[in-house]
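Under the numbering used here, the sequence shown has 120 at position 131, and the numbering climbs by one with no breaks. Quick notes on the structure that follows.
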Amino acid sequence: MKKIGILTSGGDAPGMNAAIRAVVRQGNALGMTTVGIYHGYKGCIMGNFEEFQLRDVSGIIEEGGTILRSKRAPEFKEKKTQVKAVRKLNKEGIEGLIVIGGDGTLRGGNALHDQGVPTVGIPATIDNDIYGTDMTIGVDTALNTVVEALDRIRTTASALERTFIVEVMGRDSGYIALMGGLAGGAEVVLVPEMDYDLNEVAKGIYEGYKKGKQHTIVVVAEGVYREGSAAHYVGQHIREKIGFEMRVTVLGHMQRGGSPTAFDRSIASRLGAEAVKRIYGGDSGLMVGLQGSRIEPVEFSEVASKSKELDMELYKLAETLSK
Ligand code: ADP
Ligand code: F6P
């Protein structure tokens, strides 16, 4: 194999650039050229390609976002669009493809593998909701951002003895809420994987207040309520009942930005290099994932058919420690 393509797709995640750098440089070490494909699968369809030299990926390891940009391309779910993309890849002489992104991106990679393009995936999303990898690129940075925000909110919450409802990202996954809440010392964590009686939630907050709590922080994942802001929805329902003055903060897309942590840079570098070695060695139709301290291959079919469960022991621990 002499020439491989690389793309980033779906929601960006801090550390994607570190993975791009690793792919280009590991590819070069194996005698391969890497072609950057801009705007995810959209760029694949349009033939938006640029050959990368070693120096093109200098100074990006510390940058959030993605130098390849990202775009959503729902039309890529159709076979005729995938065929069009395969033609463009063939014309460019791209013999293998590395795709970096979340579960949708990996499904796109699987579609190209089915069309005969050797494809390897790298998991990158702040949601950490991909089966087959303990951690996805970007989630550690996002969690550090959430914890810093919670620390700042706690000081003002405590000064004025208020309850704060803090909304974090996670349309389908409560991972950021749970781990952010655990590490940030939140009193209550609400995740989309569970159902809640908000009267009970309010009662719990009121009891904490009676036990001498100076403030209460409720971390809510955005997916807890689908029709609007989850934090405002929860706030509306408990405002009258909690016995504390209340404020709402929605952290939003700031959680996706910023310079990647050392952890994200190192897993991105390791996953990127391993993806290249796999594709060079003739593998296709798989994702490289972090399992414990090792990088392991997982078939795309397994990634797509299984879901990553939230660790309920950790949920109970967060609850116990918040009393
Ligand atoms: P993420 O990768 O972060 O989960 P999306 O779910 O938006 O983000 O998916 C990113 C892109 O991957 C989509 O815009 C589309 O181009 C492609 N994609 C998603 N699902 C599929 C699928 N089932 N088949 C082919 N391509 C897909
Ligand atoms: O990156 C994952 C994620 O942050 C989800 O938790 C969130 O619902 C979604 O992306 C929102 O992304 P966008 O605003 O790009 O559609």
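Quick reminder that beta carbons are idealized off the backbone N, C-alpha and C, glycines included. Everything numeric in this text was worked out from a predicted model, so none of it was measured.
Query, Result
"Where S162 falls, given that 16 or more other Cβ within 10 Å makes a residue buried", "buried"
"Cβ neighbour criterion (16 or more within 10 Å) applied to D116", "buried"
"Enclosing alpha helix (DSSP H) for K68 [first to last residue]", "K68 to E81"
"A100 versus R58 - alpha carbon distance", "21 angstroms"
"Cβ pair G278, G105 closer than 9 angstroms", "no"
"Stretch-stretch touch, CB-based, cutoff 8 angstroms, three pairs: the segment -8 to 0 with the segment 84 to 97", "yes"
"Burial state of L260, where buried means 16 or more other Cβ atoms lie within 10 Å", "buried"
"Assigned exposure category for S273 - 16 Cβ within 10 Å defines buried", "buried"
"Environment of S47 [buried if 16+ CB atoms lie within 10 Å]", "exposed"
"Check: H28 C-beta below 8 angstroms from any heavy atom of the ligand F6P", "no"
"Any non-hydrogen atom of the ligand F6P closer than 8 angstroms to S162 Cβ", "yes"
"Inter-stretch contact at 8 angstroms, needing at least 3 Cβ pairs: the segment 230 to 237 / the segment 210 to 217", "no"
"Beta carbon of A257 nearer than 9 angstroms to that of A18", "no"
"Which of helix, strand or coil DSSP assigns to E234", "strand"
"CA-to-CA distance, P249 to L310, given in whole angstroms", "29 angstroms"
"Proximity test, S(-2) beta-carbon vs the ligand ADP heavy atom, cut-off 8 angstroms", "yes"
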